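Colleague:
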Amino acid sequence: MSADAEREADSTLAGASLGLRQRSTLLDLDRQLHAHWNLGRNLILAWCPYESGMLALVVPHYAVAEYASAGGGAAAAEDARQDFVLRLLSGPRRFDLRQISNAARLLHAEPVYLALRQPLAGSDGETQLIDHMVRRYGVSFVPSRAVALFDIVGFSLLRPFEQMTQLNSLAHSLNSAHSKMIGSRVNVNFARSGTGDGFYIWNRDLGVEANTNLYHLMHLVLADNAIARRKAVGRSVPLLRACFHAGSCYEFHHAEGLNPTLTTQIVGDVTIELARMIERALPGQILVGDFHASLPDDDAAAGRTFDLDAVQFMDRAQGNLSRLNGLELAGEAIESIKCYLTGRARADGTFTIRRLAISDKHGLTHRVFNAKVNIYRRAAEPILLGIEDRYLQGDQGALATAGHIVRPATTH
């Protein structure tokens with residue numbers, strides 16, 4: 115195990131309330147996990163305490179895919195294999211002995227026994243730490259996660275130095291917005307991944323509030339960028355377009371050199387949808403996918419889930435925006451924020467919600483909504499984000515109207 119890997123392990127254990135012997139035991143456990151990971155050849159998918167040590171489910175990286183795609187059986191058998199893989203990769207990594215034995219049998223593997231310097235204490239904190247360590251060497255499936263995508267308009271037409279400068283500006287807006295939310299005690303355990311001309315961002319935490327907090331972080335990033343653009347000289351600050359969607363994804367840790375890092379990468383239905391959406395988004399536009407998500411309660415102990423569509427999600431997002439009142443943007447405090455999905459004005463003064471259809475290069479259709487965010491400040495002009503609905507009226511091909519949702523008393 116390299117010095118870099120030891121520093122990563124130390125970082126994982128930092129801040130945990132551990133005795134010296136327990137800390138030494140977990141550091142040694144991480145060294146053993148690293149050895150069985152074998153430069154990425156293997157995945158470590160589960161663990162359980164066993165006798166005075168623990169068992170780990172170690173399989174070649176291709177074994178799970180081969181099992182899931184094994185042919186020759188009935189459709190029901192194939193569905194059962196897919197369900198097993200998703201259950202295996204979802205949720206906590208700690209299994210009981212029966213579960214880890216069954217999983218090993220199905221994957222034609224044998225659980226690996228890892229000797230420990232002292233038996234595990236069995237505390238909740240210790241279990242969470244080991245779960246986190248094991249995840250670094252495996253893959254996780256998240257059934258429903260919200261992700262935002264920021265894209266720099268016209269990036270490929272910029273000179274290399276301008277590309278670097280604009281990416282740096284966007285990264286600063288991300289960090290600045292995150293810092294402001296933490297200062298307002300709105301927690302976003304935020305992660306990001308580069309796309310070349312922008313970033314995916316997501317909340318490592320799961321739940322309804324975690325996802326709405328991510329949506330608010332997106333607002334503040336766009337607001338910080340808008341303020342910076344007003345002050346910018348030349349092409350140092352990017353013009354952005356942004357998309358927000360919720361869906362399933364796989365999450366895994368980057369491997370840099372000989373070690374997996376603490377930073378993660380996501381790929382799955384949610385990132386595929388976002389990539390299709392951003393291709394058709396207009397400069398300055400905010401698109402929200404027409405998603406239906408089953409989101410866990412932020413209090414995991416409650417065991418509840420909430421089934422929300424995009425419109426219901428936006429209602430919840432608007433409902434807790436008052437927590438950001440008083441937060442300062444460019445030295446002026448926020449008085450209120452209004453976020454909504456745009457639509458057509460009706461005779462009674464209310465508005466529909468316009469559903470848009472995007473046709474991608476593969477001939478597939480994706481349903482989306484156009485979003486607006488208006489940030490009102492006490493002693494400064496408002497910051498108006500997104501584009502107005504009037505730019506979307508009619509049939510404009512890439513952003514054709516697919517219909518309207520009529521809701522009572524929907525006003526802007």
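Note that this note's numbering has the sequence shown beginning at 115, numbered continuously upward.
C-beta: ideal position from N, C-alpha, C; glycine also.
The structure displayed is predicted, hence computed values, not measured ones.
Return the chain-ordered list of same chain residues with a C-beta closer than 6 Å to the C-beta of I266, the five sequence neighbours on each side being excluded.
Modeller: As a first step, residue 266 must be located in the sequence shown, where it is residue number 152. These residues qualify, in order along the chain: Q280, D311, G312 and P352.
Colleague: Quick one: what does DSSP say A107 is sitting in, helix, strand or coil?
Modeller: Here the chain comprises residues numbered 115 to 526, so residue 107 is not present and cannot be evaluated.
Colleague: Candidates S290, H246, E393 and T515: which alpha carbon is nearest C357's?
Modeller: As a first step, residue 357 must be located in the sequence shown, where it is residue number 243. Taking only the C-alpha atoms, the option nearest C357 is E393.
Colleague: Quick one: grab the DSSP three-state call for E165.
Modeller: Along the sequence shown, read from residue 1 onward, the residue named residue 165 stands at position 51. Residue state, collapsed to three classes: coil.
Colleague: When we look at the beta-carbon of T479 and count the other beta-carbons within 10 Å, is it buried (16 or more) or exposed?
Modeller: The count along the sequence shown starts at 1 and reaches residue 479 at position 365. Its Cβ having fewer than 16 others within 10 Å, T479 is exposed.
Colleague: For Q136, count the other beta carbons within 10 Å of its own beta carbon; 16 or more makes it buried, fewer makes it exposed. Which is it?
Modeller: Reading the sequence shown from its first residue, position 22 is the one you call residue 136. The residue is buried, with at least 16 neighbouring Cβ atoms inside 10 Å.
Colleague: Between A395, E365, G433 and H359, which lies nearest to F405 when the distance is taken from Cα to Cα?
Modeller: The residue given as residue 405 occupies position 291 in the sequence shown. Residue H359 is the option with its Cα nearest to F405.
Colleague: Going by DSSP, what residue range makes up the beta strand (DSSP E) through D210?
Modeller: Translated into the one-based positions of the sequence shown, residue 210 becomes position 96. Segment: none, D210 is in no beta strand (DSSP E) and carries neither H nor E.
Colleague: Does the structure place the stretch 332–347 close enough to the stretch 268–276 that three or more beta carbon pairs sit under 8 Å?
Modeller: Result no; under three Cβ-Cβ pairs closer than 8 Å.
Colleague: Exposed or buried, which one is K294 when buried takes at least 16 other CB atoms within 10 Å?
Modeller: On the sequence shown, residue 294 is found 180 positions in, with the first residue counted as 1. Looking at its Cβ environment, which holds 16 or more other Cβ atoms inside 10 Å, K294 is buried.
Colleague: Could you tell me whether the Cβ atoms of A407 and L401 are closer together than 8 Å?
Modeller: Position 293 of the sequence shown holds residue 407. Position 287 of the sequence shown holds residue 401. Not in contact: A407 and L401 (Cβ atoms no closer than 8 Å).
Colleague: Which whole-angstrom value describes the C-beta separation of L243 and T139, a residue pair presumed to lie in contact below a C-beta threshold of 8 Å?
Modeller: What you label residue 243 is simply residue 129 of the sequence shown in a count that begins at 1. What you label residue 139 is simply residue 25 of the sequence shown in a count that begins at 1. So it is not a contact: roughly 11 Å between Cβ atoms.
Colleague: Using only the alpha-carbon positions, how far apart do R418 and V302 sit?
Modeller: The residue given as residue 418 occupies position 304 in the sequence shown. The residue given as residue 302 occupies position 188 in the sequence shown. Answer to the nearest angstrom: the Cα atoms are 21 Å apart.
Colleague: Name the two residues that bound the continuous alpha helix (DSSP H) containing V178.
Modeller: Stepping through the sequence shown from its first residue, residue 178 is reached at position 64. Per DSSP, V178 belongs to the alpha helix (DSSP H) from A177 to A182.
Colleague: Where does R135 fall in DSSP's three states?
Modeller: In the sequence shown, the residue the question calls residue 135 occupies position 21. R135 falls in the helix class under three-state DSSP.
Colleague: With a CB to CB cut of under 7 Å and the five nearest residues on each side skipped, what residues in its chain are close to R337?
Modeller: Position 223 of the sequence shown, counted from the start, is the residue given in the question as residue 337. The question names Arg, but residue 337 in the sequence shown is Ala. Once the five neighbours on either side are set aside, the close Cβ partners of A337 are L443, I489, I497 and L499.
Colleague: Are the CB atoms of A285 and I214 within a distance shorter than 8 Å?
Modeller: Stepping through the sequence shown from its first residue, residue 214 is reached at position 100. Stepping through the sequence shown from its first residue, residue 285 is reached at position 171. No, these two residues do not count as a Cβ contact at 8 Å.
Colleague: State the DSSP-derived secondary structure class of V520, mapped to helix, strand or coil.
Modeller: On the sequence shown, residue 520 is found 406 positions in, with the first residue counted as 1. It is coil, neither helix nor strand.
Colleague: Reducing DSSP to helix, strand and coil, say where Y227 ends up.
Modeller: Counted from its first residue, the sequence shown places residue 227 at position 113. Here Y227 sits in strand by DSSP.
Colleague: Is DSSP giving Q399 helix, strand or coil here?
Modeller: Along the sequence shown, read from residue 1 onward, the residue named residue 399 stands at position 285. Q399: coil per DSSP, three-state reduction.
Colleague: Under DSSP, the beta strand (DSSP E) around E495 begins and ends at which residues?
Modeller: Within the sequence shown, the letter at position 381 stands for residue 495. A494 to L499 is the extent of the beta strand (DSSP E) around E495.
Colleague: Can you give me the C-alpha to C-alpha distance between R318 and D503, rounded to a whole angstrom?
Modeller: Taking the sequence shown and counting its residues from 1, one reaches residue 318 at position 204. Taking the sequence shown and counting its residues from 1, one reaches residue 503 at position 389. So the alpha carbons of these two residues sit roughly 33 Å apart.
Colleague: What are the start and end residues of the alpha helix (DSSP H) that includes Y329?
Modeller: Here residue 329 refers to the residue found at position 215 of the sequence shown. First-last of the alpha helix (DSSP H) with Y329: V322 to K345.
Colleague: From this set, V300, L147, A223 and V482, which residue's C-alpha is nearest H246's C-alpha?
Modeller: Your numbering for residue 246 matches position 132 in the sequence shown. Checked all of V300, L147, A223 and V482; the closest Cα to H246 is L147.
Colleague: Below 6 Å CB to CB, which residues in the same chain sit around V335 once its five sequence neighbours on both sides are set aside?
Modeller: Here residue 335 refers to the residue found at position 221 of the sequence shown. Here the set comprises S287, L288 and A291.
Colleague: Exposed or buried, N282, counting other C-beta atoms within 10 Å across all chains shown (16 or more means buried)?
Modeller: Within the sequence shown, the letter at position 168 stands for residue 282. Counting Cβ neighbours within 10 Å, N282 comes out exposed, since fewer than 16 surround it.
Colleague: Quick check on the burial criterion: 16 or more other C-beta atoms within 10 angstroms. Buried or exposed for R491?
Modeller: What you label residue 491 is simply residue 377 of the sequence shown in a count that begins at 1. Buried.
Colleague: Between which residues of its own chain and L202 is the CB-CB distance below 7 Å, once the five residues before and five after are set aside?
Modeller: Walking along the sequence shown from the start, residue 202 turns up at place 88. Answer for L202: L159 and A217, listed in chain order.
Colleague: Locate the alpha helix (DSSP H) running through F198, then write down its first and last residues.
Modeller: In the sequence shown, residue 198 corresponds to position 84, counting from 1. Note, F198: alpha helix (DSSP H), A189 to L203.
Colleague: Give a yes or no on whether the C-beta atoms belonging to L157 and H175 are separated by under 8 Å.
Modeller: Locating residue 157 in the sequence shown gives position 43, counting from the first residue. Locating residue 175 in the sequence shown gives position 61, counting from the first residue. Yes, the pair counts as a contact, with Cβ atoms nearer than the cut-off.
Colleague: So if DSSP puts A305 in a beta bridge, which residue, or which two residues, is it bridged to?
Modeller: Against the sequence shown, residue 305 aligns to sequence position 191. For A305, which the question treats as bridged, DSSP gives the partners W316.
Colleague: Taking the alpha carbon of D462 as the reference point, which residue from R521, G252 and N325 has its own alpha carbon closest?
Modeller: Locating residue 462 in the sequence shown gives position 348, where the first residue counts as 1. Taking only the C-alpha atoms, the option nearest D462 is R521.
Colleague: Cutting at 8 Å between CB atoms, please list the residues of its own chain near E449, excluding the five before and the five after it.
Modeller: Numbered from its first residue, the sequence shown carries residue 449 at position 335. Result list for E449: N439, Y490, R491 and R492, in chain order.
Colleague: Just how far apart, CA to CA, sit V487 and D423?
Modeller: One-based indexing of the sequence shown puts residue 487 at position 373. One-based indexing of the sequence shown puts residue 423 at position 309. Distance between the alpha carbons of V487 and D423: 19 Å.
Colleague: Out of A324, D197 and A305, state which residue places its alpha-carbon closest to the alpha-carbon of R299.
Modeller: In the sequence shown, residue 299 corresponds to position 185, counting from 1. The residue with the shortest Cα to Cα distance from R299 is A324.
Colleague: Rounding to the nearest angstrom, what Cα-Cα distance links Y364 and P374 in this structure?
Modeller: Indexing the sequence shown from 1 puts residue 364 at position 250. Indexing the sequence shown from 1 puts residue 374 at position 260. Computed Cα separation, rounded: 16 Å.
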